[in-house]
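Residue numbers (the working numbering): 616 to 679.
Quick reminder that beta carbons are idealized off the backbone N, C-alpha and C, glycines included.
First the structure, in the form of structure tokens, and then the observations on it.
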């Protein structure tokens with residue numbers, strides 16, 4: 616078994632400058648738990664819906 620066989624298709628990735636609201640809609644629409652963050656064809660990170668929520672709350676509260 617190789618990764619391609621078990622990987623969800625199509626692979627949905629996000630860019631580092633993508634709007635958080637649009638990213639959240641992608642997670643909801645496709646039932647994603649995580650998505651790779653891609654820049655110039657390379658993975659620079661991974662984001663999850665819970666991370667989006669926590670980062671948003673942090674930004675709103677000004678604590679972070």
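- With a beta-carbon spacing of about 6 Å, residue 667 and residue 638 fall inside the 8 Å limit used to define contacts.
- Under the three-state reduction of DSSP, residue 627 is assigned to coil, being neither helix nor strand.
- Between the beta-carbon of residue 631 and that of residue 654 there is about 6 Å, and that keeps the pair under the 8 Å contact cut.
- The beta carbon of residue 679 sits closer than 7 Å to those of 673, all from its chain and outside the five residues before and after it, given in chain order.
- Each residue's CA atom was taken as its position, placing residue 623 and residue 650 some 11 Å apart.
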